[in-house]
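Counting in this note's numbering, the sequence shown runs from 1 upward without gaps. One structure below.
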Amino acid sequence: MKRFIQSADRTQGTLFPEHLEDYVAEDNPVRVIEVFVEQLDLNQLGFKGVKPLATGRPAYHPSVLLKLYIYGYLNRIQSSRRLERESQRNLELFWLTGRLMPDFKTIANFRKDNGPAIRKVCSQFVLLCRQLNLLAEATVAIDGSKFKAVNNRDKNYTTNKIERRKEQIEASIERYLAALETADRQEPADFMAAKVQRLKEKLDKLKEQMARLNSIEAELKKTPDQQISLTDPDARSMATSGRGSGMVGYNVQTAVDTQNHLIVAHEVTNVGHDRDQLANMAKQAKTVIDASELNVVADRGYFSSLEILKCHEAGITAFVPKPMTSGAKADGRFNKTDFIYDAKTNEYRCPAGQRLIWRSSSRIEHGLNLHRYWCSSCHQCPIKAQCTPSTERRVSRWEHEDILEAMQTRLDKAPDSMRLRRQTVEHPFGTLKAWMGATHFLTKTLKNVSTEMSLHVLAYNMKRAINLLGAATLMEAMIA
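Listed below in structure tokens is the structure:
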């Protein structure tokens, strides 16, 4: 095979370098992992096994297993069994762990038993990024995304799912009973007896399924959210952006820095919507960045009057567009935005030029104290048909409506806010899901999934910091 690059002879003896150090380049990310973990006080962070027991078989130091996990998540190796195999053949891991090769059970137990400490390690790296002025921009984008759990959709039950499944089983039972009745009317034969036996077995299985559904339905009524997941009890069925689609999983919330796209704060929830997450994530981001003021950008799924009020009281400036849910607008009539509020006189002016004066403030809706305004001359208005089908048009105003109006003014002055949000916070989600693969989470229950997500976020932030500063600069900052 002339004119081709020649391979080495497999029977030829080779003298490999004697030192593992020769296999790892100076800018290799494993050196960043080594320096970062060595600078941590694992005992203060709460890791178990930092102080060895006086008796029994010696254990692995937590720093070894932590390095192993960070390396795994940095290189898309999340499974404990795959990490075990890599520790037996990967030269970088030989260098990182000093040729230690823990078994998969030891690796998995470390992640399960040290969840809170691992989450603190993720926070420690974010604090390091702040010290390196990578979080100098006091603006974050907040968003949530659905991540798949190990729980299959068929192992998740809601009231509607049970009703649909019962209807399917009842239809199958009727079909098999009709087939059985037809078989009984025909002349007896060997093949017909076998068919009857198969039909009876199928009917027995369907009856077992119906009894199992009845027992699950009884348990379902005892749950607070009317939902049961058999494989992962904390996973929940959640709607996704696709029409008529959904998944069983978790809703992961992140706050991402708009300048360097680092994940400042994150939290795993099993609530399928984002309406109650704005203030929580914004306050976490503000604490991490340690800024006196913070700008927060989020999509309309986060719009909640009470959440925006909480942000305002905490010194956080929110940019959240209001969803268009007006029934009047859908019917072709004037909606609330067509009525102009005058703060000096505390009254509204309608499209016909009439004054809607304050009438009462005793109405409470969804926990909001509302003021009511209307005009007594609506019945004489020539454009009443375009305004309301009722006797008069009534306008409600929340007692803190001025905060929402100020936010809308900010959005009008910053039309690129939503584009900034989209290009900031959605990219990390796409990257993380690509790293995770088709099955996003490998662990079960909310606390273990939160630990797994913290490792993903730590790996993402570490890779991002290496790309921004370089491995050498990052290691010097860690040591300093």
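Here a beta-carbon is modelled for each residue, glycine too, at the ideal position from N, C-alpha and C. None of the values given here were measured: they were computed from a predicted structure.
Check: In its own chain, which residues sit with a C-beta less than 8 Å from the C-beta of D113, not counting the 5 before and 5 after it?
Finding: K48
Next item on the list: State the start and end residues of the unbroken beta strand (DSSP E) segment that holds D22.
Entry: Taken as a continuous stretch (DSSP letters only), D22 belongs to no beta strand (DSSP E), as it is neither H nor E.
Check: By the 10 Å Cβ neighbour count, where 16 or more other Cβ atoms means buried, how is L474 classified, buried or exposed?
Finding: buried
Margin query: Out of S215, A138, Q124, which one is the CA nearest neighbour of K166?
Written below: S215
Check: Whose C-beta lies closer than 8 Å to the C-beta of E38 among residues of the same chain, with five residues either side of it excluded?
Finding: S63
Check: In three-state DSSP terms, what is A291?
Finding: coil
Check: Helix, strand or coil: how does DSSP classify M324 here?
Finding: coil
Notebook entry, point to check: Using 8 Å as the threshold, is the region 96-116 in touch with the region 375-395, meaning 3 or more CB pairs across them?
Noted result: no
Item checked: Inter-residue spacing [alpha-carbon to alpha-carbon] between N295 and F319 -> 8 Å
Check: N251 bridges to which residues according to DSSP?
Finding: K146, T269
Check: Which residue's Cα is closest to the Cα of W95: P29, T55, S80?
Finding: P29
Next item on the list: Could you name the residues that DSSP lists as bridge partners for R394?
Entry: W374
Next item on the list: Provide the residue(s) that pair with V196 in DSSP beta bridges, ordered along the chain.
Entry: DSSP output for V196 lists no bridge partner at all.
Notebook entry, point to check: By Cβ distance, which residues of its chain are closer than 7 Å to A117, with the 5 residues on each side in sequence left out?
Noted result: L45, G46, F47
Margin query: Tell me the DSSP secondary structure of N280 in three-state form.
Written below: helix
Check: Going along the chain, which unbroken runs of the beta strand (DSSP E) with 3 or more residues stay wholly within the region 378-431?
Finding: 394-398
Item checked: Buried/exposed call for E219, threshold 16 Cβ in 10 Å -> exposed
Checklist line | Test item: CB-CB of A472 and D27 under 8 Å | finding: yes
Next item on the list: Return the first residue and the last residue of the alpha helix (DSSP H) that D113 is part of.
Entry: 104-113
Next item on the list: Determine, using beta carbons only, whether A282 and N151 come nearer to each other than 8 Å.
Entry: no
Checklist line | Which of helix, strand or coil DSSP assigns to G26 | finding: Gly is not the amino acid found at residue 26; the sequence shown has Glu there. Coil, per DSSP.
Check: Which residues in the same chain as A279 place their Cβ atom closer than 6 Å to its Cβ, once the five residues preceding and following it in sequence are excluded?
Finding: E307, K310, C311
Item checked: Collapsed DSSP secondary structure at Q6 in the structure displayed -> coil
Note to self: Let me check understanding here. Comparing Cα to Cα, which of D342, N369, H366 lies closest to I357?
What the structure shows: D342
Check: Do you know how far the Cα of I169 is from the Cα of A149?
Finding: 27 Å
Margin query: Are there any heavy atoms of the ligand ZN lying less than 7 Å away from the beta-carbon of N346, as far as the coordinates show?
Written below: Although the ligand ZN was asked about, the structure shown includes no ligands whatsoever.
Notebook entry, point to check: From R410, E452, I340, pick the residue whose C-alpha is nearest to that of M397; which is it?
Noted result: As written in the sequence, residue 397 is Arg, which differs from the Met given in the question. Of R410, E452, I340, the residue nearest in Cα terms is I340.
Notebook entry, point to check: In chain order, what residues of the same chain have a beta carbon less than 6 Å from the beta carbon of K322, not counting five sequence neighbours either side?
Noted result: F303
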